[in-house]
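Residue numbers (this note's numbering): 1125 to 1680.
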Ligand SMILES: [Zn+2]
C-alpha cells in the first residue's frame, strides 16, 4: 500500500514537470521530453493506472488539437471510461469524415488482460513520438484508433501478487478479467462485456483494415522478447491468410531484426517439449479470440505476445518497435492492403450470391505447417511428467538453438459443411436477432409467407461443458442434416450470405460451429423439449436455392 502511494506521488510530480516544461515551448514544438509514461518516469518499475493514461491522453490532445481527438470506446462495468484516441492529420471527427478520403484506418489496443501491461505503456509512447515527428509521420496515409487500456477495471487491481512469475514491473500489475469477471479475449462471439461491445461497434463504424491486440504470453521458454501471429480462423479469406503468413510476417521479422535489432519469432509454443523438433504451434483458431474474430471479418489482424521472462523495459521497447514496424509497413503498402481486403469482400459477396459445390464452412481441421520456418533461440529444458500427464518444463540457463521448426499455423479443413445462400430463423428469439445485428450483420425478414426447400439439422446429442466456461455451460452438439420443404411465415428472419460479413454469420449460425450461438447457449430455450426425450430440432435452416420471397431489413 505504502509502495503504491510513493509511486503515485512520483507520477504526479512527473506530470507536473511535464506541464511546466511545455509552457516554454511553442505549440508545435517537436520533442516533448517532459511528457513521459509512468513506465519511463519510474525507471520501468511501474505501469500506468487508468488515471495516468487519461492524463497522458488529455495532454496529447492539448498539445496536438488538430491531430488528436480523445473519444470513449466504452464505459467499463465499474464505470471507468475506456479511452479511444483518434489520431490523424487531421483527426477525423467521425467515420463519415473519411468518405472520399483514402487514408487507411488502423486499430491498436493493449491491456485486454489487465496484468499484461507493456503494450499499454508502449502505445502511449508510440503515439507521443509519432506526433512529435514532423516528417515521416505516417499520418498522410493512415488514421490510428488507439485504445491503450482496453480492460480498465482489470488494470486497476494492481498487486505484486498478480502474474508473480512475470519479470516486472516490480510495483505490480492488474488482473486478467474485467469488472464482470469475464475474459475479454473470449468474448468476441457472445459480446457480453461493454468493452467488446464498444470494440465491435468501432469495427462496424470505422472498418479498420488492420487490428493489433497486445498481450504478454505464459508459455515456452525462449530468448526472443517479442512474438506475434495473425487471425487464424480457416473460415477467413484465404488471400488474407496467405498475405499475413507469406508477406506480412517475413517483412515485419526483417524490419525488427535489421532496423530495431530485436529478435522476434512467431507467437507459439513447442507442440511437444519432449520432442521440440515436432514444431511450434500458435493459439487455436476459434473466433472467440479477438484476433481470430477480426480475421474472420476478412481484415488484417495481429495477436502480439511479449515474452514474460524478458524484463519490463525490454518488453515495452520490443512492443514499441513492433508497432512502428507495422506502421511503416502499412504506410508503405497502404494501397496493396486496401485492395486485398476489398477483393476479399468482393469474393465473399460473389460466393453468397452463387455458392459453388466446393464452397464450405470449415467445422473440423488439422494443423499444418505454413511455408515460413521458425528458429527458436531457447534453452535446454528439463521435462518431467506433470499432473494429468502434461509435461512440466523447467528451463536451464544453458542456451540452445532449436532450428528450422515447422510453424503449425495453418488450420487446414478436414470436414466442411455446405455454404448456403442464407439462414432462415422462424419465430426468432429477439436476443438472437439483436446479437446478429450487434455484429454488424444485415438481418432481414420475409415480407410474406413462403414454402422453401431448406437443409435442417436434427440434434442427436447436446452436451453442456462439465465446467463453467465464462459464465456458460457451453454446448457441444452432434446431429444429422436433412433436406425438406418447409413453410415459413411472414416475419421469419433471413440472414443472407451475400454480405461482407458472411463468414461471421456462418460462424454464428452453423449448428456445428464450435464458437457459434448454439455453443454459447443462445438456442437453449428453443432446443428444450417440453415433453419427450432429446433436444428439439435446431431452429435455424440453411437455404441453398434462390430466395425469391420479398424481404425487408429488420431494424429492431
Ligand atoms: Zn493475454
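Glycine included, C-beta positions come from ideal geometry on N, C-alpha and C.
Pairing residue 1602 with residue 1625, the inter-Cα distance amounts to about 26 Å. In the DSSP assignment, residue 1444 falls within the alpha helix (DSSP H) that extends over 1436-1456.
At a threshold of 7 Å, residue 1302 does not count as near ligand 1, since its beta carbon sits no closer than that to any of the ligand's heavy atoms.
In chain order, 1568, 1569 and 1571 place their CB closer than 7 Å to the CB of residue 1676, counting only its own chain and leaving out the 5 sequence neighbours on each side. When the beta-carbon positions are compared, residue 1191 and residue 1255 come within less than 8 Å of each other. The continuous beta strand (DSSP E) containing residue 1425 extends over residues 1424-1430. Not one heavy atom of ligand 1 is found less than 7 Å from the C-beta of residue 1428. Between the segment 1271-1280 and the segment 1300-1310 there are three or more inter-stretch CB-CB distances shorter than 8 Å, so the stretches are counted as touching. Under the three-state reduction of DSSP output, residue 1492 falls in the strand class. Of all C-beta pairs linking the segment 1478-1494 to the segment 1534-1541, three or more are shorter than 8 Å, placing the two stretches in contact. For residue 1497 against residue 1528, the beta-carbon gap comes to about 5 Å, under 8 Å, which counts as contact. Closer than 7 Å to some heavy atom of ligand 1: that does not describe the Cβ of residue 1279. By the neighbour-count criterion, in which a residue is buried when 16 or more other Cβ atoms sit within 10 angstroms of its Cβ, residue 1620 is buried.
For the segment 1265-1308, the continuous alpha helix (DSSP H) assignments of 4+ residues that do not extend past its boundaries occur at 1276-1280, in sequence order.
The beta strand (DSSP E) runs of length 3 or more contained entirely in the segment 1550-1616 are, from start to end of the chain, 1568-1570, 1574-1588 and 1599-1612. Per DSSP, reduced to three states, the secondary structure at residue 1484 is strand.
For residue 1437, the distance from the CB to the nearest heavy atom of ligand 1 is not below 7 Å. Counting along the chain, residue 1175 sits inside the alpha helix (DSSP H) bounded by residues 1174-1187.
Where residue 1353 is concerned, the enclosing beta strand (DSSP E) starts and stops at 1350-1354. By the 16-neighbour rule on beta-carbons within 10 angstroms, residue 1339 is buried. Taking 7 Å as the cut-off, the C-beta of residue 1188 does not count as close to any heavy atom of ligand 1.
DSSP, read as helix, strand or coil, puts residue 1526 in strand. For residue 1309, the shortest C-beta to heavy atom distance toward ligand 1 is below 7 Å. A distance criterion of 7 Å places the beta-carbon of residue 1391 beyond contact range of ligand 1, judged by its closest non-hydrogen atom. Going down the chain, each residue whose beta-carbon is closer than 5 Å to a heavy atom of ligand 1 shows up: 1237, 1240 and 1339.
Straight through space, the alpha carbons of residue 1377 and residue 1386 are spaced by roughly 9 Å. Taking a contact to require three or more Cβ pairs closer than 8 Å, the segment 1430-1438 and the segment 1546-1560 do not qualify as touching.
For the set 1403, 1416, 1401 and 1318, the Cα lying nearest the Cα of residue 1361 is the one of 1416. Per the coordinates, the alpha-carbon of residue 1205 lies some 10 Å from the alpha-carbon of residue 1319.
If you draw a 10 Å sphere on the C-beta of residue 1490, you find fewer than 16 other C-beta atoms in it, and that means exposed. Under the three-state reduction of DSSP output, residue 1234 falls in the strand class. Note on residue 1202: under 16 other CB atoms within 10 angstroms of its CB, so exposed under the neighbour-count rule. Sequence-distant partners of residue 1575 (beyond 5 residues in either direction) whose C-beta falls short of 8 Å from its own C-beta, in its chain, are 1609, 1610, 1611 and 1612.
About 17 Å separates the beta carbon of residue 1310 from that of residue 1421, a gap too long to meet the 8 Å contact definition.
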